[in-house]
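Chains as they are written, first to last, in my numbering: chain A, 19 to 129; chain B, 18 to 130. Just so it is clear, CB atoms sit at the ideal spot from N, CA and C, and this is done for glycine as well. Below is one structure, written out as structure tokens; the observations come after it.
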Amino acid sequence: GQQVMQIPQYQHVQEGEDFTTYCNSSTTLSNIQWYKQRPGGHPVFLIQLVKSGEVKKQKRLTFQFGEAKKNSSLHITATQTTDVGTYFCANSGGSNYKLTFGKGTLLTVNP
Amino acid sequence: NAGVTQTPKFRVLKTGQSMTLLCAQDMNHEYMYWYRQDPGMGLRLIHYSVGEGTTAKGEVPDGYNVSRLKKQNFLLGLESAAPSQTSVYFCASSWTGGKGEAFFGQGTRLTVV
């Protein structure tokens, strides 16, 4: 897979505030996946984006894939304490077999 | 439907000891992966398999070996454990390799002293 950079590494918000994490690549990505890992848990798949400019929504979560397919974002509207965890982006690169993860963004929410 | 099951869940090893981590999936997936997770490093791919009888190296394969003798099982071996291998290990499986959802096991927390 191709290396992706995730920013920020950490984000602390007050409950009700919005949150955004970004995943950036220097090369074009064939796809981007997003996972959530709760503290002490395992990564759980959220969504996959494959098309240029694609936008998908899951309740308060909005996922975007950039027009150039070099970046992606995950936006959470009005965070809740249940949103706490680490959010990872991942991509397959050119191999189709491997799945390479970014370093993740740890979100903490103050109630 | 158990999904992906890892055993053991916790283990403490002494430097130089060997052990095998077992990953079993009941979804008939072709692709299976072993990752390690360390603070601030994300998930790093150790080895992976694209089908029964196949294995390939990932980003950090040194010090580990793997085998996929049966489609449903993917074993990760540490021949001579080192403190640098203290980590949380996750197994994952997928229908479509890197092009589709990966399902993760609960993880194995390994400490090498």
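Every beta strand (DSSP E) stretch that sits fully inside the region 32–62 of chain B and reaches 3 residues is listed by chain position as 36–42, 48–55.
At a Cβ-Cβ threshold of 8 Å, A/V62 and A/T99 do not count as neighbours. CA-CA distance, B/T24 to A/H60, rounds to 14 Å.
A distance below 8 Å separates the beta carbons of A/T39 and A/Q24.
Residue A/P129 holds the alpha-carbon nearest to the alpha-carbon of A/A96 among A/N114, A/P129, A/L67, A/K121. Looking at B/L62, B/M49, B/R28, the one whose alpha-carbon comes closest to that of B/G70 is B/M49. Runs of the beta strand (DSSP E) lying entirely within the region 27–69 of chain A and spanning at least 3 residues, in chain order: 28–32, 37–42, 50–55, 62–67.
Residue pairing by DSSP puts A/K75 in a beta bridge opposite A/T80. B/L86 counts as exposed, since fewer than 16 other beta carbons sit within 10 angstroms of its beta carbon.
Around the beta carbon of B/A98, 16 or more other beta carbons lie within 10 angstroms, which makes this residue buried.
A/T46 and B/V21 have their alpha carbons spaced roughly 31 Å apart. Boundaries of the beta strand (DSSP E) around A/Y105: 103–109. Of the residues B/W51, B/L60, B/Q102, B/G75, the one whose Cα lies closest to the Cα of B/A41 is B/W51. Scanning its chain for C-beta atoms nearer than 6 Å, with the 5 sequence neighbours on each side dropped, one finds around A/K54 the residues V62, L64, G103, Y105, in chain order. By the criterion of a C-beta distance shorter than 8 Å, B/A73 is surrounded in its chain by H64, Y65, S66, V67, once the five residues flanking it on both sides are discounted. Chain A has no Cβ within less than 8 Å of the Cβ of B/A19.
By the Cβ-count criterion, B/A19 is exposed, with fewer than 16 other Cβ atoms from all chains shown falling within 10 Å of its own Cβ.
Following the DSSP letters along the chain, one finds B/A109 inside the beta strand (DSSP E) bounded by residues 104–111.
At least one C-beta of chain A is nearer than 8 Å to the C-beta of B/L62. Proximity of B/M44 to chain A, defined by a Cβ-Cβ separation below 8 Å, is not satisfied.
The three-state reading of DSSP puts B/K116 in helix, counting H, G and I together. Under a criterion of Cβ atoms nearer than 7 Å, no residue of chain B is adjacent to A/S90; the nearest Cβ is some 15 Å distant. In the structure shown, the three-state DSSP call for B/S66 is strand.
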